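In my numbering, the protein residues as written are 29 to 137.
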């Protein structure tokens, strides 16, 4: 069969959004970590100042996926409101927005 431009080579292949076996297995294993005993231990470690939150963030992302990072702003806002909104955003989102703004200003000039 000849290649046809714009047509999928395997139309009966894996459906969009279907996870592969390794992803499913890793997610299932990570979810098993988060039982009540684990949370009791984490609460104790947090109260003693012995827990690093980045570890839990990574494990939770493996177990349940990354949280959506969206912010809906309606209407006109001034400089003061924009600053307030930016202060609420995670640092990586602010860095991405700054990089995009710099790229756009380079493109315009």
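Heads up, the beta-carbon is just placed ideally off N, CA and C, and yes, glycines get one too. Here the structure is a predicted model, which is why all the values come from computation and not from measurement.
Tell me which same chain residues have a C-beta within less than 6 Å of the C-beta of residue i, skipping the five on either side of it?
i, result
"residue 97", "121"
Does the beta-carbon distance from residue i to residue j come in below 9 Å?
i, j, result
"residue 91", "residue 61", "yes"
Thinking residue i and residue j are a contact (beta carbons under 8 Å), I'd like their distance in whole angstroms, please.
i, j, result
"residue 87", "residue 56", "Actually they are not in contact, since the Cβ atoms of residue 87 and residue 56 sit about 13 Å apart, beyond 8 Å."
"residue 72", "residue 84", "That pair is no contact at about 14 Å."
Looking only at its own chain, which residues have a Cβ that is under 8 Å from the Cβ of residue i, when we skip the five neighbours before and after it?
i, result
"residue 118", "97"
"residue 47", "55"
To test your reading of the DSSP string, which unbroken beta strand (DSSP E) runs of 3 or more residues are found completely within the segment 41-112?
none
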